[in-house]
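Below is one structure, written out as structure tokens, with a few remarks after it.
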Amino acid sequence: MHDTDFAVTYRTQDYYNQNADVFFDDTVEVDMKPLYARFLKLLADHVAILDAGCGSGRDALAFAKLGYSVTAFDASPALVALAERHTGQPVHCLRFQDMTWQQQFDGIWACASLLHVPGEELPDVMGRLRAALKPGGILYASFKYGSGEREHQGRRFTDLDEPGLAGLLAQVPGLVPVETWTTGDLRPGRESERWLNTLLRRTA
Ligand SMILES: C[S@@+](CC[C@H](N)C(=O)[O-])C[C@H]1O[C@@H](n2cnc3c(N)ncnc32)[C@H](O)[C@@H]1O
Numbered sequence: 116m117h118d119t120d121f122a123v124t125y126r127t128q129d130y131y132n133q134n135a136d137v138f139f140d141d142t143v144e145v146d147m148k149p150l151y152a153r154f155l156k157l158l159a160d161h162v163a164i165l166d167a168g169c170g171s172g173r174d175a176l177a178f179a180k181l182g183y184s185v186t187a188f189d190a191s192p193a194l195v196a197l198a199e200r201h202t203g204q205p206v207h208c209l210r211f212q213d214m215t216w217q218q219q220f221d222g223i224w225a226c227a228s229l230l231h232v233p234g235e236e237l238p239d240v241m242g243r244l245r246a247a248l249k250p251g252g253i254l255y256a257s258f259k260y261g262s263g264e265r266e267h268q269g270r271r272f273t274d275l276d277e278p279g280l281a282g283l284l285a286q287v288p289g290l291v292p293v294e295t296w297t298t299g300d301l302r303p304g305r306e307s308e309r310w311l312n313t314l315l316r317r318t319a
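Numbering (this note's numbering), first residue to last: 116 to 319.
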């Protein structure tokens, strides 16, 4: 797949708009507590968290209920509407590629969302995420485990493994790994699907 294949990027956005209700129902109840624990232990209580590519709003709501000050965004207008209803809070309709926050957040949660950004655009997007963090802030991100780019059932994926992540971070000064690990999918019946999880810290 060519990084400049815009058609598949648009198909991915279309996918979430066309399938928003089904995607919401499939993901809103998934128990993410083991992943929350690893992220939240690196943050002080009640600090500012950005849920980046929030989908249903499941995690934004969970963090808000724990007392954090949560901002959320997603590129899909249909999912933004569902996430607003679910969280009871405004959700921004925004793409990673258009983020301009500067030193706003103590933590950024990008769960299974950066994986749709074309590989060619990931260094710039990671730089924007770094800029949105306060110095010392923490970014959680997860990708399907692997390498290269592919289209699967109407969505584009950029897969990452440890060497791929290291290559990406080499292009983003000031964002360093705290911890990287793999997990199975937390959705029942999909445990064999592997994910690369990483926690990164903005150094300066
Ligand atoms: C697999 S879902 C994950 C949603 C949610 N974070 C979760 O864990 O359930 C991917 C999400 O990323 C969003 N997304 C895809 N490309 C995006 C982009 N360029 N900027 C922002 N969000 C994007 C999609 O609309 C979708 O909600």
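Note that the Cβ used here is the ideal one computed from N, Cα and C, for glycine as well.
Here the structure is a predicted model, which is why all the values come from computation and not from measurement.
Cβ-based neighbour list, residue i, same chain, cut-off 6 Å, excluding 5 preceding and 5 following
i	result
Val162	Asp221
Thr119	Since pLDDT at Thr119 reaches only 49, below the 50 mark, its modelled position is unreliable, and the value read off the structure follows with that caveat. Excluding positions up to five away in sequence, the list is empty.
Gln218	Lys249
Thr202	Gly172, Ala175, Leu176
Glu294	Leu314
Tyr68	Because the chain is modelled from 116 through 319, residue 68 falls outside the range shown and cannot be assessed.
His207	Phe188
Distance cut-off 7 Å: residue i Cβ against heavy atoms of ligand 1
i	result
Asp189	yes
Glu194	Contrary to the premise, residue 194 reads as Leu rather than Glu in this sequence. Yes, Cβ of Leu194 sits closer than 7 Å to a heavy atom of ligand 1.
Ala256	no
Arg331	Given a span of 116 to 319 for the chain in the structure shown, any question on residue 331 remains unanswerable.
Gly269	no
Thr127	yes
Gln206	Note that residue 206 corresponds to Val in the displayed sequence, not to Gln. No, Cβ of Val206 sits at least 7 Å from all heavy atoms of ligand 1.
Gly168	yes
Tyr260	no
His231	yes
Arg245	no
Residue environment, residue i, which counts as buried when at least 16 other CB atoms sit within 10 Å
i	result
Gly172	buried
Pro303	exposed
Arg190	The residue asked about is misnamed: residue 190 is Ala in this sequence, not Arg. Counting Cβ neighbours within 10 Å, Ala190 comes out buried, since at least 16 surround it.
Pro278	exposed
His231	buried
Cut-off 8 Å between Cβ atoms - residues of its own chain near residue i, not counting five sequence neighbours on either side
i	result
Asp129	Gly269
Phe138	Tyr131, Gly170, Ser171, Leu194
Ala247	Leu165, Met214, Trp216, Gln217, Gln218, Gln219, Phe220, Ile223
Residues near residue i in its chain [Cβ-Cβ closer than 7 Å; skip 5 each side]
i	result
Arg210	Ala190
Inside the stretch 240-286 only - beta strand (DSSP E) runs reaching at least 3 residues: Unbroken beta strand (DSSP E) runs of no fewer than 3 residues, entirely contained in the stretch 240-286, are found at 248-259, 263-267, 270-274, following chain order.
Contained alpha helix (DSSP H) runs [length at least 4] in the stretch 140-228, N- to C-terminal order: Complete alpha helix (DSSP H) runs here, min 4: 148-155, 173-180, 192-202.
Three-pair Cβ contact test at 8 Å for the stretch 235-244 versus the stretch 173-186: The way I'd put it, the stretch 235-244 doesn't touch the stretch 173-186; fewer than three beta-carbon pairs between them come closer than 8 Å.
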